[in-house]
Amino acid sequence: MSFRIGKRFTFEAAHQLSGLPGGHKCGRLHGHSYTVEVVLTATELSESGFVIDFANLDPIKRHLAEHFDHQPLNEAIDIEPTSENLARVLFEWCAKNVPLPATAAIEAVRVSETSATWAEYRPCH
């Protein structure tokens, strides 16, 4: 048996993608209202009945506010700032910085630039 939960966070940022065909709109500096969804799983619940208390995910909100909100993503991360790369960077940060109970794990991080598009990173086990 397993349980899954998720929490969404938002921030505003700009980026410019390189290596695209001439005239591609994403090659110009532009911004998005990003949504980040962090998905966690657990094999069993805590005594309180949680995978994790959602309040324990506040470090993610602070990290996004301090390092990504209203920032140029080309300067915020050391890799091409696509949604795919951003999902991986954020997954890796969460895995290192969000304390979890032994029964829980971060399953995936999903990044959306628009309401119609998303990219998700989940490691291969």
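Going from the sequence shown to the working numbering is simple: count from 1 and add 1417. The C-beta atom is built at its ideal place from N, Cα and C for all residues, glycine as well. On a predicted model such as this, the values are computed, not experimentally measured, just so you know.
CA-to-CA distance, residue j to residue i, given in whole angstroms
{"i": "Tyr-1451", "j": "Val-1528", "result": "7 Å"}
{"i": "Phe-1508", "j": "His-1480", "result": "12 Å"}
{"i": "Asp-1486", "j": "Thr-1520", "result": "31 Å"}
{"i": "Leu-1503", "j": "Trp-1535", "result": "11 Å"}
{"i": "Pro-1518", "j": "Thr-1427", "result": "25 Å"}
{"i": "His-1432", "j": "Ile-1496", "result": "12 Å"}
{"i": "Glu-1461", "j": "Ile-1523", "result": "14 Å"}
{"i": "Glu-1464", "j": "Glu-1492", "result": "42 Å"}
{"i": "Arg-1445", "j": "Leu-1434", "result": "7 Å"}
{"i": "Phe-1471", "j": "Pro-1438", "result": "42 Å"}
Opening and closing residue of the beta strand (DSSP E) in which residue i lies
{"i": "Ser-1529", "result": "1521-1529"}
{"i": "Ala-1554", "result": "Nothing can be reported for residue 1554: it is not among the residues displayed for the chain, which extend from 1418 to 1542."}
Simplified DSSP assignment, three categories, for residue i
{"i": "Arg-1421", "result": "strand"}
{"i": "Glu-1454", "result": "strand"}
{"i": "Glu-1497", "result": "coil"}
{"i": "His-1441", "result": "coil"}
{"i": "Glu-1461", "result": "coil"}
{"i": "Phe-1471", "result": "helix"}
{"i": "Ala-1533", "result": "coil"}
CB contact flag (residue i, residue j, <8 Å)
{"i": "Val-1456", "j": "Arg-1421", "result": "yes"}
{"i": "Val-1526", "j": "Cys-1541", "result": "no"}
{"i": "Thr-1458", "j": "Ser-1500", "result": "no"}
{"i": "His-1449", "j": "Thr-1531", "result": "yes"}
Residue burial classification, residue i (beta-carbon count within 10 angstroms, cutoff 16)
{"i": "Glu-1429", "result": "exposed"}
{"i": "Arg-1505", "result": "buried"}
{"i": "Leu-1490", "result": "buried"}
{"i": "Pro-1476", "result": "exposed"}
Continuous alpha helix (DSSP H) stretch holding residue i: start and end
{"i": "Leu-1481", "result": "1475-1484"}
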